[in-house]
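Q:
Residue numbers (this note's numbering): 16 to 170.
(1) Roughly how many angstroms separate the alpha carbons of residue 77 and residue 143, rounded to a whole number?
(2) What is the DSSP secondary structure of residue 86, counted as helix, strand or coil?
(3) What do you reckon, are the CB atoms on residue 43 and residue 82 nearer than 8 Å?
(4) Among residues of its own chain, excluding the 5 on either side of residue 107, which ones have a beta-carbon nearer than 7 Å to its beta-carbon?
(5) My output table needs one value for residue 47: the three-state DSSP class, helix, strand or coil.
(6) Contact check, residue 75 vs residue 55 under 8 Å by CB: the rounded distance?
(7) Since residue 148 and residue 138 are thought to touch, with beta carbons under 8 Å apart, how far apart are those beta carbons, to the nearest angstrom?
(8) Apart from the five residues on each side of it in sequence, which residues of its chain come closer than 7 Å, Cβ to Cβ, to residue 161?
(9) Pop quiz: residue 134 and residue 118 are said to be a contact at Cβ under 8 Å. What is the actual Cβ separation, rounded to whole angstroms?
(10) Over what stretch of residues does the alpha helix (DSSP H) that includes residue 62 continue unbroken?
Set out below in C-alpha cells:
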C-alpha cells in the first residue's frame, strides 16, 4: 500500500536572485519609463558601499541613494565613512523592526563645484505597522573629490 503525498496548489516561489543581482533598495532603474527594470544592487549602490575606498559616489544624488541603501541594509561603517567629519556622530543606531519601503528623489541641485542639495522622501513601516514618511532636504559637500553628507532639514 502506498501513501499519497499532499499536493500543493500554491505557485512555488522563485528562488531569490544572488546577492549582487537583487534589485537595489534605492529603486534606481535602467531608464526613465516604467518598463525599465530596477538596477541590481551590485551595479547600483553596491559598487559604492562595497568598494568605498576605491569607488566614491560620483555626485550627491548617488551618495544619498547609497546612504538610503546602507540604512536599509544596516551598514553603519559606510554611513559613518560618508558623513562629513564635523557633523559625523560617534555611531549609527538602527531602529529594530523598521522596514524601509521605498525612496523617491524629488530634486538634486548642484549649488557649486563643492556643494549640493538633494530633496527626498523615504517611506518606512514602523514596528506595530504604522507607516512613516521621512521628507528631507539634505546638504552635501565635496572634499578631495569625494561627496559627503553634511546634514538635512526635515520638511
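Note that the Cβ used here is the ideal one computed from N, Cα and C, for glycine as well. No experiment lies behind these values; they were computed from the predicted model shown.
A: Inspection of the coordinates gives the following:
(1) 31 Å
(2) helix
(3) no
(4) 91, 94, 95
(5) coil
(6) About 22 Å separates the two Cβ atoms, so there is no contact after all.
(7) 6 Å
(8) 71
(9) With a Cβ gap of about 12 Å, residue 134 and residue 118 do not count as contacting.
(10) 61 to 64
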